Ligand code: ZN
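Numbering (our numbering), first residue to last: 57 to 462.
As structure tokens, this is what we get:
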């Protein structure tokens, strides 16, 4: 084996739910391929950031890809912006945002503007925008998502988030953290930008149309996750493998891009439950012609669990499992399947529960687990590992780990 395929189901882990007869969505899913992969290898549980820590997807992925999140995390904004194809420059402040809905008093009534399908038309209204000599660049992501980059001298990402993360309250003012002049100036520009989004978006024809149809208008941009670019040692230098990323959603492409991965575009990869998993698996296999490491990300599990839909999550796992039929005869690669965190579908939120992991390959150790799930993995031979342990474990399975000591 010379190659590694890392499959990450976003929010894979879960808790037992009554609608699935006390099983988790992964345990309840009919998934012969994942079960066979588990039977051919080892299983365990991963704390992607730390024991008892409820991880965001960004820090969790840094950990899984071998980058200590406590050392390398620079805020989510830069990852999203990079994932949407914005080229960041040193000194830029990047934030991620949602198109949302506010009433006349700036009270949030919908954080995702009715999960608007496509906001790319709205983004055009901000072309060439500048406030106090600071250029503001926007790029629409999937659905209601948008990345915003503030570019100019003397900016600082040390500001609070204007997005209060809930409805029924007013949009917050960004405040400087620590009180330095750069953070103060940045907060002022961000606040003026947000007020302008209200003005500009209210006049957009798309919003008039949405209101006519009884849909919430996308009349505000709610910003969060401010950050400035950190320096990442390239993945290829650290692990000696040329890497590619197959993902639909922006964040995962962004993290990969900043670590030096090639991003493979796949028609039909939506970053949503309707994604074409077969096309993504096929693209991953094709990428192995030129790369030794492929990271394949599937977002559907997390989206459905956050929508409190355990049955949908189970069915998404079953759909993916069918597509994994393409992987079953590959003897040339190590296959690892895990999640970036657990998302409890009863609660609709990330939890700190560790996530199931399987590592499958030719001539590697096996354990007694023949069913990929939270309970089986708890008894697996990999035990409990941290996210940053995963890459060294995988590299060692290929016989390529450096010797420590003599
Ligand atoms: Zn996630």
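C-beta: ideal position from N, C-alpha, C; glycine also. On a predicted model such as this, the values are computed, not experimentally measured, just so you know.
- Below 8 Å, too few C-beta pairs join the segment 138-151 and the segment 427-444 to call them touching: fewer than three.
- With a cut-off of 7 Å, the C-beta of residue 358 is classified as near the ligand ZN, since at least one heavy atom of the ligand falls inside that distance.
- Here the alpha carbon of residue 221 sits roughly 11 Å from the alpha carbon of residue 281.
- Distances taken from the Cβ of residue 397 to the heavy atoms of the ligand ZN include one shorter than 7 Å.
- Put simply, the backbone Cα of residue 262 is about 21 Å away from that of residue 193.
- The beta carbon of residue 457 lies closer than 6 Å to those of 451 in the same chain, with the five residues before and after it left out.
- Rounded to whole angstroms, residue 292 and residue 272 show a C-alpha spacing of 45 Å.
- Around the beta carbon of residue 201, 16 or more other beta carbons sit within 10 angstroms, so the residue counts as buried.
- Short note on residue 113: C-beta closer than 7 Å to some heavy atom of the ligand ZN.
- The straight-line gap separating the alpha-carbon atoms of residue 424 and residue 95 is approximately 7 Å.
- Looking at the DSSP output, residue 202 shares a beta bridge with 153 and 196.
- For residue 280, the enclosing beta strand (DSSP E) starts and ends at 276-283.
- Per the coordinates, the alpha-carbon of residue 318 lies some 39 Å from the alpha-carbon of residue 265.
- Beta-bridge analysis with DSSP links residue 81 to no other residue.
- About 6 Å separates the Cβ atoms of residue 390 and residue 454, confirming a contact at the 8 Å cut-off.
- Leaving aside the five residues that flank residue 441 on each side, the residues in its chain whose CB is nearer than 8 Å to its CB run, in chain order, 100, 101, 102, 103, 413 and 449.
- The residues 70, 366, 369 and 370, in chain order, have a CB closer than 6 Å to that of residue 81 in the same chain once the five nearest residues on each side in sequence are set aside.
- The Cβ-Cβ distance between residue 135 and residue 279 does not fall below 8 Å.
- Within the segment 330-384, the complete beta strand (DSSP E) runs of at least 3 residues fall at 349-354.
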